[in-house]
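If you want my numbering, it's the 1-based position in the sequence shown plus 170. Just so you know, even glycine gets a beta-carbon here, dropped at the ideal spot from N, CA and C. In what follows, a single structure is set out as structure tokens and then discussed.
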Amino acid sequence: MNAVLRPPFPSLSADDSISSGSSGHVYAIGQHLVLKCPMIFDNPHPTQVVKMNESQAQIDCEKSVYKVLMKNRHPHIVHAVLCAPEGIFMHRQATSLDTRLQNPDIPQYLKNKWIGQISSALSWLEHLGFAHGDLRPANIFLSQEEDIRLGDFDCTVKIGDKLKAGGGSFGKLHENYEFPDASPMTEQYSLGSCIFTIQFGHEPWHEIDEHRKILKLIRNEFPDASGDEITIRCVRLNERFSAS
171 MNAVLRPPFP
181 SLSADDSISS
191 GSSGHVYAIG
201 QHLVLKCPMI
211 FDNPHPTQVV
221 KMNESQAQID
231 CEKSVYKVLM
241 KNRHPHIVHA
251 VLCAPEGIFM
261 HRQATSLDTR
271 LQNPDIPQYL
281 KNKWIGQISS
291 ALSWLEHLGF
301 AHGDLRPANI
311 FLSQEEDIRL
321 GDFDCTVKIG
331 DKLKAGGGSF
341 GKLHENYEFP
351 DASPMTEQYS
361 LGSCIFTIQF
371 GHEPWHEIDE
381 HRKILKLIRN
391 EFPDASGDEI
401 TIRCVRLNER
411 FSAS
């Protein structure tokens, strides 16, 4: 028999699915809520069993973060309503920052607002002892009012623990391609790449292949930011970025 994805509740179907990733699936629960849950297959292939276990571990990690955040809310972090055995119920957002940035006509005041709100959310996580660990536009959401809502905490770790994600434009790697320990500086690096993407409409070194891009970023070689000092300071790790 073929493997079949099993929704967390019989009332949900593929028509309710609004996104899918390595950590699990997101289902719409009406207009205002979503449910993020692990991947569960009926009749899974052995390779799918591995994916199911990894997905469950990532959702469990995210639950542990949201349980802290539910007691320590921040206006620019996605609000979870309930952590249940089936998954995490949370407020539904309008879109992702990644999708929004595909529109080239974004006024500078809005970019400035987003940068400040992302910085504030990261500072709050740090205050609680966490590093987001996978900060990139796809994991940053926008409300209907175009305010930032930071989400996707399946790779979040405590400050000082080894990062779980990295590479590409947004995750710092050591020269041996190993993940560094999470710190304010690793988050600052990812923030700098996000700021660059917001300001210029594309990722750092978007025009070259992935291998060359990773090498450049490992060596702290950053493209010209045309005088955008905040971006340069974040990426070079010379100073702590302080949210206003």
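Terminal residues of the continuous alpha helix (DSSP H) containing residue i?
i: CYS364; result: 354-370
i: ALA227; result: 216-239
i: ARG382; result: 380-388
Three-state secondary structure (DSSP) at residue i?
i: ARG410; result: Residue confidence for ARG410 is low, a pLDDT of 44 falling below 50, so the modelled location carries little weight and cannot support an answer.
i: LYS206; result: strand
i: ASP304; result: coil
i: ALA335; result: coil
i: ASP186; result: helix
i: PHE179; result: coil
Give a yes or no on whether the C-beta atoms belonging to residue i and residue j are separated by under 8 Å.
i: THR326; j: PHE300; result: yes
i: SER165; j: GLN228; result: No answer is possible for residue 165: it lies beyond the span of the chain, which begins at 171 and ends at 414.
i: ILE388; j: ALA352; result: no
i: PHE349; j: PRO374; result: no
i: ASN213; j: VAL174; result: yes
i: GLN263; j: SER225; result: no
i: PRO208; j: GLY286; result: no
i: LEU252; j: ILE288; result: no
i: MET260; j: LEU203; result: yes
i: PRO274; j: GLY371; result: yes
i: PRO307; j: ASP331; result: no
i: PHE311; j: GLU232; result: no
i: VAL238; j: LEU298; result: yes
i: LYS281; j: GLN369; result: yes
Hey, quick one: how far does the beta strand (DSSP E) through residue i stretch, first residue to last?
i: VAL196; result: 194-199
i: LEU320; result: 318-320
i: ALA254; result: 250-254
i: ILE247; result: It is not in any beta strand (DSSP E) - ILE247 carries neither H nor E in the DSSP assignment.
i: ILE329; result: Premise fails: ILE329 is in no beta strand (DSSP E) and is neither H nor E.
i: PHE311; result: 310-312
task: Go through the region 256-299 residue by residue and report every complete run of the beta strand (DSSP E) that reaches 3 residues or more, in order.
output: 257-261
Inter-stretch contact (C-beta, 8 Å, three-pair minimum) for the region 353-365 and the region 278-297: yes
- prompt: Do three or more CB pairs link the region 335-345 to the region 301-309 at distances below 8 Å?
  reply: yes
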